[in-house]
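In the working numbering, the protein residues as written are 341 to 435.
Worksheet for the structure shown next.
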């Protein structure tokens, strides 16, 4: 799984990059057919926004979240993606 991390109005620090890598590795445990991941972290005034698009076999999965803390926004994003990945995996196994 290749992760492309982009920051808008935000510098991507090494600890932030490691946090994202660590969190996305959890998704890979549920579903190993994730090809590419595009993550955009942005800041708008006091809102910290995290968005991700996962390219998986059989489609794309997108989610976004926002919080006052970037790490909390990433955690929320992973929770949303986790539910969507599990749902996608169930669809794939039914066919």
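C-beta atoms are modelled at their ideal positions from N, C-alpha and C, and glycine is treated no differently.
Asked                                                                                                       : Found
Cβ neighbours of residue 428 in the same chain (closer than 8 Å, five flanking residues each side left out) : 371, 396, 398, 399, 401
DSSP state of residue 350 mapped onto helix, strand, coil                                                   : coil
Nearest to residue 367 (by Cα), restricted to the options 350, 342, 387, 384                                : 342
CA-to-CA distance, residue 424 to residue 369, given in whole angstroms                                     : 14 Å
Of the residues 384, 383, 361, the one placed nearest residue 376, counting alpha carbons only              : 361
Buried/exposed call for residue 431, threshold 16 Cβ in 10 Å                                                : exposed
Whole-angstrom C-beta distance between residue 359 and residue 411, which should lie under 8 Å              : 6 Å
Cβ neighbours of residue 350 in the same chain (closer than 7 Å, five flanking residues each side left out) : 381, 382, 383
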